[in-house]
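The next block holds one structure in the form of structure tokens; read it before the comments.
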Amino acid sequence: MARPAFVVNEALREKVCHLAGLGVPQDDIAKIVGCAPKTLRKRFRDELDRGVAEANAIISGCLFAAAKGGNTTAQIFWMKTRGGWRERQPADDRDADAGSGSEVLVLPDNNRDPELTQVLQDAQDKYFATKHRRKPRPSSGS
Numbered sequence: 003m004a005r006p007a008f009v010v011n012e013a014l015r016e017k018v019c020h021l022a023g024l025g026v027p028q029d030d031i032a033k034i035v036g037c038a039p040k041t042l043r044k045r046f047r048d049e050l051d052r053g054v055a056e057a058n059a060i061i062s063g064c065l066f067a068a069a070k071g072g073n074t075t076a077q078i079f080w081m082k083t084r085g086g087w088r089e090r091q092p093a094d095d096r097d098a099d100a101g102s103g104s105e106v107l108v109l110p111d112n113n114r115d116p117e118l119t120q121v122l123q124d125a126q127d128k129y130f131a132t133k134h135r136r137k138p139r140p141s142s143g144s
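Sequential numbering from 3 applies to the sequence shown in the working numbering.
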């Protein structure tokens with residue numbers, strides 16, 4: 003006896019879209035709506051894709067709003083993932099800190115915001131004031 007055809011309706015489409023947006027794995031969504039994972043991907047392809055895209059857009063908007071509102075963590079995350087920033091050591095300190103696990107976040111400053119310029123300058127001064135200088139190596143020819 004053949005299996006009955008899986009009937010798709012608008013309520014199921016919305017449910018699949020919502021669950022995909024929440025990050026529920028496709029195999030679990032298939033169990034929830036009562037079909038095979040292959041059937042889910044075949045019959046609900048647009049809903050699966052749209053649910054993920056809409057969720058990403060909402061969270062991206064929230065992250066952007068948090069960054070604009072002054073959330074430093076959100077600002078750094080945004081700049082690393084969207085702005086191409088990365089953490090690296092200054093070229094002249096690479097040998098001194100090799101293997102120490104310390105990293106320096108290099109922030110560009112365009113001098114448009116005097117308050118930010120001062121904060122960055124103070125942080126840089128504080129960082130380099132506490133930085134241990136490498137001692138010169140004794141000569142081996144004595």
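Even glycine gets a Cβ: it sits at the ideal position worked out from N, Cα and C.
1. Between V35 and V18, how many whole angstroms is the CB-CB distance? I'm expecting something under 8 Å.
2. One question on the structure: do Q77 and A69 come within less than 8 Å of each other, judged by their Cβ atoms?
3. Compare the beta carbon distance of F8 and C37 with 8 Å and say whether it is the shorter of the two.
4. Measuring straight from C-alpha to C-alpha, what distance separates D51 and L118?
5. Are A13 and E49 close, meaning C-beta to C-beta below 8 Å?
6. Is it buried or exposed for A131, if we count other Cβ within 10 angstroms and need 16 for buried?
7. Just verifying my parser: in three-state terms, what is the DSSP assignment at F66?
Quick look at the numbers:
1. The residue given as residue 35 occupies position 33 in the sequence shown. The residue given as residue 18 occupies position 16 in the sequence shown. That pair is a contact at about 6 Å.
2. Counting from 1 along the sequence shown, the entry for residue 77 is found at position 75. Counting from 1 along the sequence shown, the entry for residue 69 is found at position 67. Contact flag set, yes.
3. The count along the sequence shown starts at 1 and reaches residue 8 at position 6. The count along the sequence shown starts at 1 and reaches residue 37 at position 35. The answer is yes: Cβ separation under 8 Å.
4. One-based indexing of the sequence shown puts residue 51 at position 49. One-based indexing of the sequence shown puts residue 118 at position 116. Distance between the alpha carbons of D51 and L118: 41 Å.
5. Indexing the sequence shown from 1 puts residue 13 at position 11. Indexing the sequence shown from 1 puts residue 49 at position 47. Contact: no.
6. Residue mapping note: residue 131 aligns to position 129 of the sequence shown, counting from 1. Residue environment: A131 is assigned as exposed (fewer than 16 neighbouring CB atoms within 10 Å of its CB, all protein chains considered).
7. Locating residue 66 in the sequence shown gives position 64, where the first residue counts as 1. Reduced to three states, the DSSP call for F66 is helix.
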